[in-house]
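For the sequence shown, this note's numbering assigns the number 18 to the initial residue and increments by one for each residue that follows.
Below you'll find the structure, written out as structure tokens, and then a few comments.
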Amino acid sequence: MRTASRLRTAHPALWAGWAALAAGAVLCVIGWYGVSGERFAERQVPYLASCTIPGAALIVAGAVLLAHGRGQAAAARVEELYGLLVDAGPAGAEESAPAATAPVAVSGEMRMVPGGTLWHRADCPLVAGKAEAVPVDAKLLRGGDLSACPICDPPGDTG
């Protein structure tokens with residue numbers, strides 16, 4: 018039910034945006050109606066000042082709120098997808114425990130992508146089968162210029 022709570026947090030901005038758009042449209046219609054009934058410009062100015070200009074401002078504010086609310090909803094969806102990719106569900110914890118402790122890559126040969134900042138095992142899914150992956154220079158490993166890949170060399174594995 019995390020999805021429902023995340024979507025509720027995005028709704029206030031969306032509802033406020035739609036409400037501001039509706040109120041702005043109503044004010045613009047009232048202003049237009051008032052201006053259309055007056056013959057002289059000096060009698061039309063109060064309708065412009067009290068209805069049409071605030072109505073236009075509400076329409077702009079509503080559009081900004083809608084854009085913000087949709088961006089917030091999209092960010093919540095991305096966070097939810099990221100959580101689904103990273104988190105292990107408690108229901109399948111017993112089944113996935115052996116797979117989680119098994120190493121992803123076990124090769125002793127180290128590879129790197131030129132210009133990269135990580136070293137990988139040769140059978141790491143990030144470099145396996147890539148022609149641009151080259152063997153790692155021992156100087157780079159000793160010098161600390163490269164960091165271990167968090168996927169194929171988990172913490173505690175000195176490889």
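By construction, the Cβ of each residue, glycine as well, lies at the ideal position given by its N, Cα and C atoms.
Keep in mind the model is a prediction, meaning the values are calculated, not measured.
Would you call the CB atoms of residue i and residue j closer than 8 Å?
i: GLY48; j: CYS68; result: yes
i: ALA165; j: TRP136; result: yes
i: LEU65; j: VAL52; result: yes
i: GLY72; j: GLY34; result: no
Grouping DSSP H, G and I as helix and E and B as strand, with all else coil, what is residue i?
i: ARG159; result: helix
i: ALA78; result: helix
i: ASP174; result: For ASP174, the predicted model reports a pLDDT of 43, less than 50, meaning its position is unreliable and no value from the coordinates is stated.
i: PRO142; result: coil
i: ALA73; result: helix
Residue i: which of the options sits nearest, CA to CA?
i: GLY79; options: LEU65, LYS156, LEU38; result: LEU38
Using the C-alpha atoms, what's the distance from residue j back to residue i?
i: LEU101; j: ALA93; result: 12 Å
i: GLY161; j: ALA145; result: 23 Å
i: ILE70; j: CYS45; result: 8 Å
i: ARG128; j: VAL103; result: 25 Å
i: GLN89; j: LEU83; result: 10 Å
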